[in-house]
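Numbering (the numbering used here), first residue to last: 1 to 274.
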Amino acid sequence: MPELPEVETIRKSIEPFLANAIVTAVDVREARLRCPVNSTDFSRWIIGNRIVSVARRSKYLIWQLENDASVIIHLGMSGRLGIFAADAAIETHTHVIFHLDSSIQVRYRDPRRFGLVEVTPPQAFATWFRFTNLGVEPLSAAFNHHYVANLLKKSKKPIKNWIMDAQNVVGVGNIYANEALFKAGIHPIRPANSLKNDEQRRLVESVKSVLTAAIDKGGTTLNDFRNARSEPGFFQLDLAVYQNDGQVCGSCGAIIERIVMSGRSTFYCPSCQR
DNA sequence: AAACGCGCCTGCGGGC
DNA sequence: TGCCCGCAGGCGCGTT
C-alpha cells in the first residue's frame, strides 16, 4: 500500500493527535505481523510515557517518546493507522490498539499482516538495525546528481529496480518508480549504468517532484489508503502511467504498455521513455 | 557479489 | 451463484 507520500501523509495527519499524549495502554489483538509484536516491550518502555513527536524514515513511522524510546511502525502492503473514539466499532484485522490519555485510540489495521509494530528502547533508535543499511531520503539534499551518478555507475540492474532499492534511495515503491521514470523519459529496463548525465539529473528531479506532488495531494488512494482521519488521497487522479496500460499517453498519444519486472507490474510509454 | 525469484498473507474482481 | 485464478502499494530470504 503505502510508499513515502502515503506514509508522510499519515505522519502529518496523526502527529497533532499524538504529540504530547501519554500512551496509557496497548492492546495487542494479533501479534503475528511480519515480526511478532512484543507486548513486554510496550509495558517496559511505552506505557505511561509521553509522545513528543512523530517522525518518518523511509517508509517507517517513528513515535518519539519523552524517555527516548520509540514506537516503530511499518504499514507493509495493506496497513492503516487511524484515530478512533474509544467506543467506535473495531474493524476486522485491527491488530494493535494504542490507548491515549486524551481518551482517543490509535488503531493499527493490516489485513495482509506484512507490516510491523515494534519498540526501540531508550537510546537505541539512532543505531536501530532496520535503519543501518538504508540509502538517502529522496526529498533531502543528499539525494542529488553527484550521489546518484556515483552509485548508478556501479550497478547493471534495471533502473526501475535501482530506484526501488532502499539501499540506494528510500521510499520509492512501485507506483512512484513508474511515475518518476515516465516523467524523466527513461525506459524502466535501462541498465542503471547506461544513464547519461542529463538522464541522471532528470531522474533525480523527477523522483523529487513526483513524490512532492503526491504528498501535496494527500497520497494515492487506489483501494484502501486513508490518512489518520480516514480521508483518501487524490494523486491517483494524476497518475500518468501506473495501471494505465492500453490507454493513450497524455503526452504523446502512444499506447501505454505493461510488462512485468521482478514480479512487479511495470507501466511505461514506449514512445516517451527510451 | 549482484540480481532475481519467491514466499509471506488476505481480499477483490473477472471469467467461466 | 460460486469457484478459481491472477493480482495488489513491501520486504527479506535463499539461490544462482
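Glycine residues also receive a C-beta, built at the ideal position from the N, C-alpha and C atoms. Since this is a predicted model, take the numbers as computed values, not measurements.
#1: State the DSSP-derived secondary structure class of Arg201, mapped to helix, strand or coil.
#2: DSSP has Glu118 in a bridge; who is on the other side?
#3: Using DSSP with H/G/I as helix, E/B as strand and the rest coil, what is Leu61?
#4: Run through the DSSP bridge pairs and tell me what Tyr108 is partnered with.
#5: Counting beta carbon pairs with one atom in the region 245-255 and one in the region 29-39, are three or more of them shorter than 8 angstroms?
#6: DSSP three-state call for Thr266: helix, strand or coil?
#7: Flag this pair as touching only if the region 158-169 and the region 226-245 have three or more C-beta atom pairs under 8 angstroms; answer yes or no.
#8: Where does Asp87 land, buried or exposed, given buried means 16+ other C-beta within 10 angstroms?
#9: Could you name the residues of the same chain whose beta carbon sits closer than 7 angstroms to that of Tyr242, not counting the 5 residues immediately before and after it, in chain order?
#10: Examine the ligand FMN and report whether any of its heavy atoms sits within less than 8 angstroms of the Cβ of Arg202.
#11: To the nearest angstrom, report how far apart Gln273 and Val96 are at their CA atoms.
#12: Here's the rule: buried if 16 or more other CB atoms are within 10 angstroms of the residue's CB, otherwise exposed. What is Asn197?
#13: Given that a residue counts as buried once 16 or more other Cβ atoms are within 10 Å of its Cβ, and exposed if not, what is Ala141?
#14: Answer yes or no: do Pro5 and Gly219 have a C-beta to C-beta separation smaller than 9 angstroms?
#15: By the 10 Å Cβ neighbour count, where 16 or more other Cβ atoms means buried, how is Thr120 classified, buried or exposed?
#16: Ordered along the chain, which non-local residues of its own chain (more than five positions away) have a Cβ less than 6 angstroms from that of Ala184?
#17: Mark Pro270 as exposed unless 16 or more other C-beta atoms lie within 10 angstroms of its C-beta, in which case mark it buried.
#18: Which stretch, first to last residue, makes up the alpha helix (DSSP H) that contains Arg281?
#19: What residue ranges within the region 174-228 form continuous alpha helix (DSSP H) runs of no fewer than 4 residues, ordered along the chain?
#20: Is the distance from the Cβ of Leu75 to the Cβ of Ile14 below 9 angstroms?
Short version:
#1: helix
#2: Beta-bridge pairing links Glu118 to Ile72.
#3: strand
#4: Under DSSP, the beta-bridge partners assigned to Tyr108 are Leu81 and Val96.
#5: no
#6: For Thr266, the three-state secondary structure derived from DSSP is strand.
#7: no
#8: exposed
#9: These residues qualify, in order along the chain: Ile175, Asn178, Glu179 and Phe267.
#10: You won't find the ligand FMN in this model; it holds no ligand whatsoever.
#11: Looking at the backbone, the Cα of Gln273 and that of Val96 are separated by about 44 angstroms.
#12: exposed
#13: exposed
#14: yes
#15: Counting of Cβ neighbours within 10 angstroms places Thr120 among the buried residues, the total reaching 16 or more.
#16: For Ala184, the CB contacts under 6 angstroms within the same chain, skipping 5 residues up- and downstream, are Arg202, Leu203 and Ser206 in chain order.
#17: exposed
#18: This structure does not reach residue 281, given that the chain is present from 1 up to 274, and the question cannot be answered.
#19: 174-184 and 197-216
#20: Taking 9 angstroms as the Cβ cut-off, Leu75 and Ile14 do not qualify as a contacting pair.
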